[in-house]
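Take a look at the structure below.
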Amino acid sequence: MKVLIIGAGIIGAACARTMSRRGIDVTILERGSAVGATSSAGEGNLLLSDKAPGPELALATYSLDLWRRLPAALADEIGNFTSIEFEAKGGLVVATSAEESAGLAQLAEAQRGAGVEARLLSVDETLELEPDVTPSMIAAVHYPQDAQVQPTIATEALLASARAAGARVLVDTLVTGSRRDASGRVVGLTTNRGDFDADHVVVAAGPWSGEVATRLGGTLDVGPRKGWLLVTTPMAHRIAHKVYDANYVGAVQSDGGERQFATVLESTAAGTVLIGSSRENVGFDADADVAAWGAIAARAVRLMPALRDAAIMRAYCGFRPFSRDHLPVIGADRDVAGLWYAAGHEGAGIGLAPGTAELLTALLLGAPTDIPAEPFSSLRPSLARAA
Ligand SMILES: Cc1cc2nc3c(=O)[nH]c(=O)nc-3n(C[C@H](O)[C@H](O)[C@H](O)COP(=O)(O)OP(=O)(O)OC[C@H]3O[C@@H](n4cnc5c(N)ncnc54)[C@H](O)[C@@H]3O)c2cc1C
1261 MKVLIIGAGI IGAACARTMS RRGIDVTILE RGSAVGATSS AGEGNLLLSD KAPGPELALA
1321 TYSLDLWRRL PAALADEIGN FTSIEFEAKG GLVVATSAEE SAGLAQLAEA QRGAGVEARL
1381 LSVDETLELE PDVTPSMIAA VHYPQDAQVQ PTIATEALLA SARAAGARVL VDTLVTGSRR
1441 DASGRVVGLT TNRGDFDADH VVVAAGPWSG EVATRLGGTL DVGPRKGWLL VTTPMAHRIA
1501 HKVYDANYVG AVQSDGGERQ FATVLESTAA GTVLIGSSRE NVGFDADADV AAWGAIAARA
1561 VRLMPALRDA AIMRAYCGFR PFSRDHLPVI GADRDVAGLW YAAGHEGAGI GLAPGTAELL
1621 TALLLGAPTD IPAEPFSSLR PSLARAA
């Protein structure tokens, strides 16, 4: 079986690795450089804590289990590669108002029912785990399963593993359209570097996936949701967990085009602290935005006053691949045979990549899936457009 994957971000890389290791002949077509877009513009959190019970939590749990096994598996597959910095450091979600605290306790209870470890902490217990969290906090929940990776290195490692299993990665290759047979089935792609044949085509083009689907004659409603991050200079002070404020879950699930802020803090292996983030639906506008940086910094200092004197080394933004119902599309196009999607993972594509790759590969091969695939179908009712 010959598969063309459009996009060399973490989703295309994970799909290429899984498929080529199952004996599929895989070529990734990437218009720029590998890991040159969203997958190198985020934090690398692998979170269960921000997901309510449902299909996304099921996919996140499945994926996290795969992530845990990836460092050893990748070492076998590609040898002495730089560490992907997988760290199961746990998450700490902090509430600073009575309303946030009640919502957080309710969410944690529901998550526990779905098998997530979530322990409600007192103020003293929280400060014992993270002494620099604001003493004006009211409650917190500790999620020991939350983890992180370095997303750029992780994507490169997945690509290296895919190559070792026979996959090709062609950069500077812009996909411009599809080739069809008489029945309308996709049998290849046209690009700026010529035509390519395929039995199946997978769109893994991140926030450009909707636009790419349209070029290929398919239907997919996935576009950009911008986010800014700040990075401090390396600091002696270390944050042990990933610490975020309890309104983060609300911001993740919000739909409006209005700008949202929710604080997420984490130390990296290099000693820098990543401070996230904003969310807004403003197309691909990447202009500097001092107001957004100021708002992110002010919120971070409220959650962790010790950051007041931190020096910001840089700010960068990326575009989360946004799907209207906050679930990725993993499966076939609703009409066009041979056209598949692995897209729309919004702010969780790093975390969800390994499970996405397993699901899509099983669907392509007509094999049973480890978790139900229907909730991610392009035919699901929550994607139907209002007439
Ligand atoms: C600020 C921010 C913070 C984030 N934090 C986290 C986090 O902590 N944890 C987490 O799990 N996720 C996080 N995310 C989300 C995560 O980064 C994305 O969900 C994920 O990277 C999407 O990967 P992708 O492979 O789908 O897209 P991308 O990495 O964007 O890859 C798509 C590729 O397709 C290529 N392409 C597009 N059109 C064409 C074409 N016509 N022809 C050929 N190639 C094409 C692009 O050049 C690009 O390289 C964050 C995102 C942002 C912006």
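So for the sequence shown, our numbering puts the first residue at 1261; every next one is plus one.
Every residue gets a Cβ at the ideal spot worked out from N, C-alpha and C, and that includes glycine.
How far does the alpha helix (DSSP H) with residue i in it reach, from first residue to last?
{"i": "Val1472", "result": "1469–1475"}
{"i": "Gln1410", "result": "No alpha helix (DSSP H) holds Gln1410; DSSP gives it neither H nor E."}
{"i": "Val1383", "result": "1383–1389"}
{"i": "Ala1399", "result": "No alpha helix (DSSP H) holds Ala1399; the beta strand (DSSP E) holding it covers 1399–1403."}
{"i": "Leu1364", "result": "1358–1373"}
{"i": "Ile1271", "result": "1270–1281"}
When you compare each of the options to residue i by their alpha carbons, which one comes out closest?
{"i": "Val1447", "options": "Leu1389, Val1393, Lys1262", "result": "Lys1262"}
{"i": "Ala1558", "options": "Arg1574, Phe1544, Ser1537, Tyr1576", "result": "Ser1537"}
{"i": "Asp1595", "options": "Pro1588, Gly1444, Leu1381, Val1561", "result": "Gly1444"}
{"i": "Gly1350", "options": "Glu1390, Gln1371, Glu1359, Ala1407", "result": "Ala1407"}
{"i": "Val1429", "options": "Ala1602, Gly1269, Ala1622, Ala1597", "result": "Gly1269"}
{"i": "Leu1567", "options": "Thr1621, Val1491, Glu1345", "result": "Val1491"}
{"i": "Thr1298", "options": "Thr1451, Thr1321, Ala1464", "result": "Ala1464"}
{"i": "Gly1454", "options": "Arg1439, Pro1588, Val1462", "result": "Arg1439"}
{"i": "Thr1474", "options": "Thr1436, Gly1272, Leu1317, Leu1334", "result": "Thr1436"}
{"i": "Gly1296", "options": "Ile1284, Pro1331, Gly1267", "result": "Gly1267"}
{"i": "Thr1523", "options": "Ala1496, Leu1326, Leu1489, Asp1549", "result": "Leu1489"}
Quick check on DSSP: helix, strand or coil for residue i?
{"i": "Phe1456", "result": "strand"}
{"i": "Val1509", "result": "helix"}
{"i": "Phe1521", "result": "strand"}
{"i": "Pro1331", "result": "helix"}
{"i": "Ala1646", "result": "Caution is warranted here: a pLDDT of 46 is assigned to Ala1646, below 50, making its placement in the model unreliable, and the coordinate value is therefore given only provisionally. Three-state DSSP puts Ala1646 in coil, outside helix and strand."}
{"i": "Pro1628", "result": "coil"}
{"i": "Ala1427", "result": "coil"}
{"i": "Ser1323", "result": "helix"}
{"i": "Asp1336", "result": "helix"}
{"i": "Glu1316", "result": "helix"}
{"i": "Ala1355", "result": "strand"}
{"i": "Glu1416", "result": "helix"}
{"i": "Ile1265", "result": "strand"}
How about residue i and residue j: are their beta carbons less than 8 Å apart?
{"i": "Leu1534", "j": "Glu1526", "result": "yes"}
{"i": "Ala1368", "j": "Ala1378", "result": "yes"}
{"i": "Ala1274", "j": "Leu1480", "result": "no"}
{"i": "Leu1587", "j": "Asp1593", "result": "no"}
{"i": "Thr1356", "j": "Ile1398", "result": "yes"}
{"i": "Glu1618", "j": "Ser1583", "result": "no"}
{"i": "Pro1411", "j": "Pro1581", "result": "no"}
By the DSSP assignment, the beta strand (DSSP E) with residue i in it spans what residues?
{"i": "Gly1483", "result": "1482–1492"}
{"i": "Leu1289", "result": "1285–1289"}
task: At 4 residues or longer, and completely inside the stretch 1535–1622: list those alpha helix (DSSP H) runs for me, N to C.
output: The alpha helix (DSSP H) runs lying completely inside the stretch 1535–1622 and spanning 4 residues or more are 1550–1563, given in chain order.
field: 4-residue-minimum alpha helix (DSSP H) runs that sit fully inside the stretch 1430–1454, ordered along the chain
entry: Whole alpha helix (DSSP H) segments, 4+ residues: zero.
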